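Structure record follows, encoded as structure tokens.
There are 2 protein chains.
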Amino acid sequence: MIERSGGARARAANRGAGTGRSTGRSIMRDVAARAGVSSQTVSRVINGHPYVADDTRQRVLAAMRELDYQRNPAARALVTRRSGTLGIIGYESPLYGPTSMLYAIEGAARSAGYFVSVASVRHLDRRSVLDAADWLRRQSVEGLIAIAPKPAMAGALAEAAGELAAVTVGGGCSDEIASAQIDNVTGARLATRHLLDLGHTTVHHVSGPDDWPEAEERIRGWREALRAAGAPVPAVLPGDWSASTGYQQGERLAADPDVTAVFCASDQLALGVLRALHEAGRRVPEDVSVVGFDGTPDGAHFLPPLTSVRQDFAELGRRSLGLLLAQLDPAEQTPVRRRDLLVPELISRRSAAAPCGTGRPLRALRPASLIG
Amino acid sequence: MIERSGGARARAANRGAGTGRSTGRSIMRDVAARAGVSSQTVSRVINGHPYVADDTRQRVLAAMRELDYQRNPAARALVTRRSGTLGIIGYESPLYGPTSMLYAIEGAARSAGYFVSVASVRHLDRRSVLDAADWLRRQSVEGLIAIAPKPAMAGALAEAAGELAAVTVGGGCSDEIASAQIDNVTGARLATRHLLDLGHTTVHHVSGPDDWPEAEERIRGWREALRAAGAPVPAVLPGDWSASTGYQQGERLAADPDVTAVFCASDQLALGVLRALHEAGRRVPEDVSVVGFDGTPDGAHFLPPLTSVRQDFAELGRRSLGLLLAQLDPAEQTPVRRRDLLVPELISRRSAAAPCGTGRPLRALRPASLIG
DNA sequence: GGTCTTGCCGAAAAGGTTTTCGTGGGCGAG
DNA sequence: CTCGCCCACGAAAACCTTTTCGGCAAGACC
């Protein structure tokens, strides 16, 4: 076994191969030397190529273990032209959903063998997304997932991505780009129908910000459900997902004695609405029923516990990764431009009930009996 | 300009250098050729080395722009032995704090020129942390930040990190590892003192899980404040940060008519407590005052709005990055094993007030007048 | 006028892996 | 016996950048 570079030999000898004390510092050649094979054979073993004799494989494996060999991802990336990492553009928000999706994506990516790099954007404007995408590209990610952006941003993403695979999840989609989303229309319809079925003559709606497609779709679902039931369609009360605007709109709703049912586009909005109603002395659900959207765990402990439409954020995250992986797969011929729609589910808790006048009397508030 | 490999020349010609149509695909040699210099000079320009004539620099810069050159991070990492990325181990929780920290860290890292890679752990056990750290090391990150782990995990982290720089933030620390944290003791003292100052004879405490140091420290601060005031120290009611356990403990508190003040180790616990008190017919703050810990935005809309101890999670994230960067800096000689303590701040809202018997009568609940 | 610095730049090596090509032995088929 | 195939493995090229070394001018100094 002859090495050309004495320096390299010396180095290899007095760490990895020699003393074996520092971890992850030995290279392929060290392993090869120890196993008495060439480094190409080590490579073959690592990458599971056929045509390597079983006892050789065992020797190599043993050498790798003994030297605590870890392959150098940079060298690997250089030659394969694949970085093995995916980029996530995350929206910096205290919202419950985006976070859950981030972790779900990472978990799924890891089990698919991909690293995940994040770039956060503080504001959902075009420039931020472009910057973040650029930053990620500089790391030569193989694909991009943008979490919960507005549709204008999806456009920006499509532009920034260039020939890179890209997916949006949970927010603004655009025709140019694949996306995984909740079926917001169905979810809103579910919530609205639930309230109508309870006997309310109509349902008011506190919406999300009007430049979010999710907000718009929830408005649509709500409106369709009302129309289908022949119920009057009140004016939308615009919010911005936050408890604060929920509170403001809640005050207006509380002032109107005709209001008996409210569907909020997010649980946080509902939190604000509940507070406003409470402070105005309107009881929930006796006087007014409230339904939220998101199904956050906290909702179970609002006053009263909130009926809500649950989104499975984790599943959404996994789906978006699936979409991205499909685009990355060279076997997949069709240019994947799919939209993956996930149907949400209604969780019934105490904040929604039949209106007081309808005969069916409410059972009194019994603490734990109805907690879902 | 002679190239040894005809194949390489052809390839370079019909993309980057030639047509210039595909983005980010040209390499240094293309730029060098276009600028009429050698690739080493291009390297010098990029890395800001001195001794390059100004007009040469301009030519190179122009060529880079025209070719939309992006340097290959893999090749760079290979030769510099630096990946330029940091690893974050994130705890998969719907908690407000960890998320804010994650994004804050990423933002700060990006402006320091580092990429950020995440690995999430679903459960806070030793094995998960080891796995996550290992996964990150395989990507050859230069440093590790673990968000909000338990102390046992900090130990695991220290082990997993090996000679890698590592920091924990917002959670379990250990002597082996630097960490940025909230001063929980002071925060808890603040909350307790606030309640005592309002006239309560003592303060009850619903704690976090007992294997979290933050929970333990908050207990300590609470206890010290009580002792300092000569107030009796009731038994701790253990929780796990969640609204659910807050609710359970709240039911117990509600059953005891002597309880007039409760300090909860998290806002979510407080949410559950508030609900339990409400359902038991105990008014907040007339009968019982409640203070939380975290200062989540939602707390402002609880019923009633929650007095809480606000942690500046973003700042915490930035500090942890600072600690890590200090370890990475070769100029820094001292083995940095610091603990960075951040003092939290009390936000006073309506959920805490003087006890009813103390003379100072409460102003009636006026909706928006007291919102902080 | 020769030696020394200083500014500018090119040639070549190094970094660790995968890929392509090649080689030799064993073995079944003609 | 020879042709050709398959198996197991090694040699070398390629990936793209940074770093080290060295060359070459122009001016400063003795």
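These protein sequence lines are chains A and W, in that order. With numbering that gives the first Met the number 0 as the guide, the letters of the first sequence map in order to residues 0 to 371. With numbering that gives the first Met the number 0 as the guide, the letters of the second sequence map in order to residues 0 to 371. No residue lacks a Cβ here, since even glycine has one placed at the ideal position from N, Cα and C. Please read all numbers here as calculations on a predicted model, not as lab measurements.
Among the options, the one whose alpha carbon lies nearest that of residue i
| i | options | result |
| --- | --- | --- |
| A179 (chain W) | W:T167, W:L189, W:A190 and W:S173 | W:T167 |
| T98 (chain A) | W:R109, W:R80, W:Y113 and W:V117 | W:V117 |
| V283 (chain A) | A:V36, A:G249 and A:L315 | A:G249 |
| G142 (chain A) | A:G154, A:L163, A:D130 and A:K149 | A:L163 |
| L340 (chain W) | W:A34, W:A177 and W:A132 | W:A177 |
| R126 (chain W) | W:V258, W:R70, W:D196 and W:A153 | W:A153 |
| V140 (chain W) | W:Q39, W:A227, W:A147 and W:A165 | W:A165 |
| Q310 (chain W) | W:G186, W:Q39, W:R121 and W:G207 | W:G186 |
| G169 (chain A) | A:L94, A:V232, A:A107 and A:D53 | A:L94 |
| S110 (chain A) | A:A131, A:S92, A:G83 and A:G96 | A:G83 |
| P354 (chain A) | A:A260, A:R337 and A:L302 | A:A260 |
| F312 (chain A) | W:H300, W:F262, W:S92 and W:G245 | W:S92 |
| D196 (chain A) | A:G229, A:S37 and A:T40 | A:G229 |
| P343 (chain W) | W:L66, W:A107, W:V308 and W:N46 | W:V308 |
| L345 (chain A) | A:V115, A:G298, A:A131 and A:S37 | A:G298 |
| V115 (chain W) | A:L123, A:R137, A:M100 and A:G96 | A:R137 |
Proximity test, Cβ basis, 7 Å: residue i and chain W
| i | result |
| --- | --- |
| Y50 (chain A) | no |
| S4 (chain A) | In this predicted model, S4 (chain A) has a pLDDT of only 34, less than 50, meaning its place in the structure is not dependable; the value taken from the coordinates is given anyway. It does not; no Cβ of chain W falls within 7 Å. |
| R274 (chain A) | yes |
| G106 (chain A) | yes |
| H203 (chain A) | no |
| H300 (chain A) | yes |
| P208 (chain A) | no |
| Y113 (chain A) | no |
| A242 (chain A) | yes |
| S139 (chain A) | yes |
| D297 (chain A) | yes |
| E344 (chain A) | no |
| T306 (chain A) | no |
| Y68 (chain A) | no |
Check whether residue i and residue j have beta carbons under 7 Å apart
| i | j | result |
| --- | --- | --- |
| I104 (chain W) | G316 (chain W) | yes |
| V205 (chain A) | L194 (chain A) | no |
| T306 (chain W) | S243 (chain W) | no |
| L135 (chain W) | G86 (chain W) | yes |
| A62 (chain W) | R28 (chain W) | no |
| P304 (chain A) | R349 (chain A) | yes |
| Y102 (chain A) | S119 (chain W) | yes |
| Y90 (chain W) | I181 (chain W) | no |
| A159 (chain W) | L129 (chain W) | yes |
| I88 (chain A) | L323 (chain A) | no |
| L302 (chain W) | L276 (chain A) | no |
| D255 (chain W) | P208 (chain W) | no |
| H300 (chain W) | Y113 (chain A) | no |
| A227 (chain W) | T191 (chain W) | no |
Any C-beta of chain A under 7 Å from that of residue i
| i | result |
| --- | --- |
| D124 (chain W) | no |
| A351 (chain W) | no |
| G271 (chain W) | yes |
| I182 (chain W) | Correcting the residue identity first, residue 182 (chain W) is Asp in this sequence and not Ile. Chain A, which has no Cβ nearer than 7 Å to the Cβ of D182 (chain W), makes this no. |
| V44 (chain W) | no |
| S119 (chain W) | yes |
| Q116 (chain W) | Note on identity: in this sequence residue 116 (chain W) is Ser, with Gln being the wrong assignment. Yes, its Cβ sits closer than 7 Å to a Cβ of chain A. |
| S368 (chain W) | Note that S368 (chain W) scores 39 on pLDDT, short of 50, meaning its location in the model is unreliable; the coordinates nonetheless yield the value given after this. Chain A, which has no Cβ nearer than 7 Å to the Cβ of S368 (chain W), makes this no. |
Beta-carbon contacts of residue i that lie in its chain and below 6 Å, excluding the five residues immediately before and after
| i | result |
| --- | --- |
| Y68 (chain W) | S25 and V30 |
| H199 (chain A) | T259, A260 and P354 |
| R121 (chain W) | E91 |
| L236 (chain W) | V205 and Q248 |
| P406 (chain W) | There is no way to answer for residue 406 (chain W), as the model of chain W reaches only from 0 to 371. |
| A264 (chain W) | S206, G207, A214, R217 and F292 |
Same chain only: Cβ atoms within 7 Å of residue i, ignoring 5 sequence neighbours per side
| i | result |
| --- | --- |
| N183 (chain W) | E213, E216, R217 and G220 |
| L60 (chain A) | V44 |
| V432 (chain W) | Because residue 432 (chain W) is not part of the residues shown, which for chain W are 0 to 371, the question remains open. |
| G280 (chain A) | none |
Nonlocal neighbours in the same chain, by C-beta distance under 8 Å from residue i, ignoring five residues either side
| i | result |
| --- | --- |
| E314 (chain W) | A103 and L341 |
| S57 (chain A) | The amino acid occupying residue 57 (chain A) in the given sequence is Gln; Ser does not appear at that position. Within the same chain, Q57 (chain A) has no close Cβ partners at all. |
- prompt: Counting pairs of Cβ atoms below 8 Å between the stretch 289–309 of chain A and the stretch 256–274 of chain A, do you hit three or more?
  reply: yes
message: Pairs of beta-carbons, one from the stretch 71–82 of chain A and one from the stretch 66–85 of chain W, closer than 8 Å: are there three or more?
response: yes
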